[in-house]
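Colleague: Before I ask anything, let me first share the structure, which is written out below as structure tokens.
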């Protein structure tokens with residue numbers, strides 16, 4: 205395999221005729237590199253492994269990939285603790301490997317988004333080492349430092365998502381520093397303009413290498429309250445487990461002061477200005493906010509000078525998505541986010557896979573996948589979702605996730621969604637690696653391996669390919685407006701409309717047959733979708749867990 209010279213970033217190519225709006229309605233495929241494909245027999249996935257498997261991703265018909273962090277890192281939070289933003293961790297390869305990945309993805313028609321973790325670094329980052337060395341060095345104010353109270357306790361009551369206080373005492377500097385996550389993940393001080401400038405230059409570095417945009421980790425965590433005011437308690441009736449497990453006292457506070465500060469808008473505007481220098485670059489922000497997620501999305505995506513799109517945790521939560529619940533989420537979104545764009549997802553590397561989380565049958569998984577691709581917004585699929593993978597059981601002795609170790613057994617961590625991809629059922633470790641994987645391959649996943657489903661026309665993998673193709677064949681599903689028509693727990697229907705085209709979408713979310721209630725007018729059923737519906741003189745009936753798509757007849 206040949207690679208580009210890693211010492212020199214590729215020149216930006218002149219791009220003409222670029223669709224700057226490609227992200228609106230796109231289907232994005234998330235790759236967790238540690239678990240995708242190992243190419244060098246060390247048990248950990250890497251960039252060369254991703255390159256090897258890109259044809260599979262392209263075969264799905266998706267528009268882009270999002271790659272979780274691959275930067276240099278001590279790997280205490282598996283890449284979300286960055287020690288060098290501008291280099292690839294040797295575990296994953298080299299900058300040359302990354303350049304080759306970009307080139308191959310673009311050859312296959314795939315855009316590439318990378319995960320930027322800007323709110324915090326690793327405690328091993330040279331910036332933090334310098335910052336903690338004294339109170340008067342050039343980077344002394346690059347992180348959030350504060351004196352102890354007179355009794356030696358932390359400056360305020362802020363809590364870490366990973367448990368315990370969000371403040372860690374540093375005996376060298378004789379102050380506390382803020383960490384919203386692990387103690388080894390100190391928060392950067394975004395109130396310092398030098399920090400902002402450096403991070404914007406980091407974004408330019410990767411855009412110059414050819415990336416097509418960024419997924420912005422914990423985008424609402426960038427700023428903190430300068431006055432370090434205590435968070436107020438949260439009424440127990442309003443608590444939820446959208447951003448932290450129910451056993452975590454993080455949920456007991458209303459997080460008014462440790463995140464989601466108004467100054468963030470100006471930084472996002474600066475970031476967007478950088479991105480607008482590059483044709484068709486896009487951004488999707490992760491909003492970690494349990495109480496006001498949609499309001500934050502509205503603020504962060506309003507107009508055309510902030511983020512392109514955001515997602516919160518409405519469909520990543522444990523709440524079962526009955527038709528009425530889905531309609532309530534979508535209606536609330538339309539009422540609150542009046543000038544923005546959503547990116548919806550059911551699963552990712554931080555939550556239990558939705559097939560398990562919602563106890564979905566095979567048929568239900570397909571129906572909900574079609575629903576995800578029918579609602580207004582962009583779509584993010586997590587690796588293995590196209591195979592219908594369930595959450596894997598990971599024994600405590602095999603657990604790697606520090607979050608899971610902290611709250612075991614009430615919360616078993618995130619490793620169950622991070623086990624290796626099953627590629628070839630009859631090969632060692634499912635074709636992921638010929639060495640012992642960093643997490644065990646789930647034996648129950650082997651029967652769903654790509655090699656098995658590729659041979660089966662009726663497989664879940666085949667369904668995803670067909671449904672994505674159906675979505676791409678109907679621009680109205682990508683770009684159109686949306687109107688909820690009917691919502692019951694076991695049934696949901698809606699209309700998408702774009703440039704004079706109206707598409708009616710109905711979903712039977714139950715184990716029983718259900719008649720389709722068409723809106724007034726003449727409708728022609730589109731048989732191109734991978735579903736069955738029965739039509740006779742009495743009307744149209746949806747069998748269990750089936751969907752119907754119909755185009756309005758003109759005139």
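Numbering (the numbering used here), first residue to last: 205 to 759. Every residue gets a Cβ at the ideal spot worked out from N, C-alpha and C, and that includes glycine.
My parser needs the alpha helix (DSSP H) runs of 4 or more residues fully inside the segment 363 to 421; what are they?
Modeller: Segments of the alpha helix (DSSP H) lying fully in the segment 363 to 421: 397 to 412.
Colleague: In chain order, which beta strand (DSSP E) runs of at least 3 residues are fully inside the segment 236 to 317?
Modeller: Counting whole runs of 3 or more residues, the segment 236 to 317 contains the beta strand (DSSP E) stretches 268 to 271, 288 to 292.
Colleague: Excluding the 5 residues flanking residue 533 on each side, which residues of the same chain have their C-beta closer than 6 angstroms to its C-beta?
Modeller: Taking the chain shown and counting its residues from 1, one reaches residue 533 at position 329. These residues qualify, in order along the chain: 518.
Colleague: If we define contact as Cβ-Cβ less than 8 angstroms, is residue 554 a contact residue for chain C?
Modeller: Absent from the structure: chain C. Only one protein chain is present.
Colleague: Less than 8 angstroms between the C-beta atoms of residue 545 and residue 513, yes or no?
Modeller: In the chain shown, the residue the question calls residue 545 occupies position 341. In the chain shown, the residue the question calls residue 513 occupies position 309. Closer than 8 angstroms, so yes.
Colleague: For residue 444, tell me which candidate among 509, 522, 300 has the shortest Cα-Cα distance.
Modeller: Reading the chain shown from its first residue, position 240 is the one you call residue 444. It is 522.
Colleague: With burial defined as no fewer than 16 other Cβ atoms inside 10 Å of the residue's Cβ, what is the status of residue 326: buried or exposed?
Modeller: Along the chain shown, read from residue 1 onward, the residue named residue 326 stands at position 122. Counting Cβ neighbours within 10 Å, residue 326 comes out buried, since at least 16 surround it.
Colleague: Can you round the beta-carbon distance between residue 276 and residue 287 to whole angstroms, since I take them to be within the 8 angstroms contact cut?
Modeller: Sequence index remark: in the chain shown, residue 276 carries index 72 (1-based). Sequence index remark: in the chain shown, residue 287 carries index 83 (1-based). Rounded, the Cβ-Cβ distance is 5 angstroms, consistent with contact.
Colleague: Got a sec, what are the start and stop residues for the alpha helix (DSSP H) residue 475 sits in?
Modeller: To locate residue 475, count along the chain shown from 1; it is residue 271. Per DSSP, residue 475 belongs to the alpha helix (DSSP H) from 468 to 479.
Colleague: Measuring alpha carbon to alpha carbon, tell me which residue in 343, 268, 321, 284 is nearest residue 420.
Modeller: Locating residue 420 in the chain shown gives position 216, where the first residue counts as 1. Residue 420 has its Cα closest to that of 321, out of 343, 268, 321, 284.
Colleague: In or out: residue 448 buried (at least 16 other Cβ within 10 Å) or exposed?
Modeller: Numbered from its first residue, the chain shown carries residue 448 at position 244. Buried.
Colleague: Determine the extent of the beta strand (DSSP E) in which residue 499 is found, giving its start and end residues.
Modeller: The count along the chain shown starts at 1 and reaches residue 499 at position 295. Premise fails: residue 499 lies in the alpha helix (DSSP H), 497 to 505, not in any beta strand (DSSP E).
Colleague: DSSP has residue 577 in a bridge; who is on the other side?
Modeller: Indexing the chain shown from 1 puts residue 577 at position 373. According to DSSP, which records beta bridges pairwise, residue 577 is partnered with nothing at all.
Colleague: Nearest to residue 441 by alpha carbon, out of 450, 529, 434?
Modeller: One-based indexing of the chain shown puts residue 441 at position 237. The option with the nearest alpha carbon to residue 441 is 450.
Colleague: Which residue comes first and which comes last in the alpha helix (DSSP H) that contains residue 332?
Modeller: For this step, residue 332 is matched to residue 128 along the chain shown. Segment 330 to 337, the alpha helix (DSSP H) holding residue 332.
Colleague: Less than 7 angstroms between C-beta atoms, sequence neighbours within five positions excluded: which residues of the same chain meet that for residue 189?
Modeller: Past the boundaries of the shown model lies residue 189; the chain is included only from 205 to 759, so the question cannot be answered.
Colleague: What do you get for residue 757, buried or exposed, if any count of 16 or more other CB atoms within 10 angstroms of its CB means buried?
Modeller: Against the chain shown, residue 757 aligns to sequence position 553. Burial call: exposed.
Colleague: According to DSSP, is residue 733 part of a helix, a strand, or is it coil?
Modeller: The count along the chain shown starts at 1 and reaches residue 733 at position 529. Coil.
Colleague: Is it buried or exposed for residue 647, if we count other Cβ within 10 angstroms and need 16 for buried?
Modeller: Here the question's residue 647 lines up with position 443 in the chain shown. Under this definition residue 647 is an exposed residue.
Colleague: When the Cα atoms are used, what is the spatial distance from residue 252 to residue 297?
Modeller: Reading the chain shown from its first residue, position 48 is the one you call residue 252. Reading the chain shown from its first residue, position 93 is the one you call residue 297. Cα to Cα, residue 252 sits roughly 7 angstroms from residue 297.
Colleague: DSSP beta-bridge partners for residue 701?
Modeller: For this step, residue 701 is matched to residue 497 along the chain shown. Residue 701 pairs with 685, 706.
Colleague: Just the C-alpha distance for residue 291 and residue 691, rounded to the nearest angstrom, thanks.
Modeller: The residue given as residue 291 occupies position 87 in the chain shown. The residue given as residue 691 occupies position 487 in the chain shown. Distance between the alpha carbons of residue 291 and residue 691: 49 angstroms.
Colleague: Output needed for residue 709: all residues of its chain with C-beta closer than 6 angstroms, excluding positions within five of it in sequence on either side, in chain order.
Modeller: Here residue 709 refers to the residue found at position 505 when the chain shown is read from its first residue. Only 578, 698, 753 meet the Cβ criterion.
Colleague: Quick one: residues in its chain with C-beta nearer than 7 angstroms to the C-beta of residue 728, no 5 flanking neighbours on either side, listed in chain order?
Modeller: On the chain shown, position 524 is the one that residue 728 refers to. Excluding sequence neighbours, residue 728 sits near 754, 755, 757.
Colleague: Counting Cβ pairs, one atom from each stretch, are 3 or more of them under 8 angstroms apart for the segment 312 to 320 and the segment 354 to 366?
Modeller: No contact exists between the segment 312 to 320 and the segment 354 to 366.
Colleague: Would you grab the beta carbon distance between residue 570 and residue 594 for me? Rounded to a whole angstrom, and I think it's under 8 angstroms.
Modeller: Numbered from its first residue, the chain shown carries residue 570 at position 366. Numbered from its first residue, the chain shown carries residue 594 at position 390. Not really, about 14 angstroms apart at Cβ, beyond 8 angstroms.
Colleague: Taking residue 603 as part of the beta strand (DSSP E), name the residues at either end of that continuous run.
Modeller: Within the chain shown, residue 603 is the residue found at index 399, counting from 1. Residue 603 -> no beta strand (DSSP E), and no H or E assigned at all.
Colleague: Within this structure, are the beta carbons of residue 548 and residue 576 separated by less than 8 angstroms?
Modeller: The sequence position of residue 548 within the chain shown is 344, counting from 1. The sequence position of residue 576 within the chain shown is 372, counting from 1. In contact: residue 548 and residue 576 (Cβ atoms closer than 8 angstroms).
Colleague: Alpha carbons only, please: which of 634, 387, 597 is nearest the one belonging to residue 618?
Modeller: On the chain shown, residue 618 is found 414 positions in, with the first residue counted as 1. For residue 618, the nearest C-alpha among the options comes from 597.
Colleague: Alpha carbon to alpha carbon, how far is residue 669 from residue 662? Give it in angstroms, no decimals.
Modeller: Locating residue 662 in the chain shown gives position 458, where the first residue counts as 1. Locating residue 669 in the chain shown gives position 465, where the first residue counts as 1. Approximately 11 angstroms between the Cα atoms of the pair.
Colleague: Beta-carbon within less than 8 angstroms of residue 383's beta-carbon, same chain only, minus the 5 sequence neighbours each way: which residues are those?
Modeller: One-based indexing of the chain shown puts residue 383 at position 179. Around residue 383: 324, 364, 370, 371, 372, 389, 390, 391.
Colleague: Taking 8 angstroms as the cut-off, decide whether the C-beta atoms of residue 332 and residue 347 are in contact.
Modeller: Position 128 of the chain shown, counting from 1, holds the residue named residue 332. Position 143 of the chain shown, counting from 1, holds the residue named residue 347. It is a contact, given that the beta carbons lie within the stated cut-off.
Colleague: Is it true that the segment 234 to 244 meets the segment 619 to 639, where meeting means three or more beta-carbon pairs spaced less than 8 angstroms apart?
Modeller: They touch, by the three-pair rule.
Colleague: Does the beta-carbon of residue 672 have 16 or more other beta-carbons within 10 angstroms, so that it is buried, or is it exposed?
Modeller: As a position in the chain shown, residue 672 is number 468, starting the count at 1. Buried, by the Cβ-count rule.
Colleague: Does DSSP put residue 696 in a helix, in a strand, or in coil?
Modeller: Within the chain shown, the letter at position 492 stands for residue 696. In this structure, residue 696 counts as strand in the three-state DSSP scheme.
Colleague: Within a Cβ cutoff of 6 angstroms, which residues of the same chain sit near residue 760, ignoring the five residues on either side of it in sequence?
Modeller: Lying outside 205 to 759, the shown extent of the chain, residue 760 is not represented and no answer is given.
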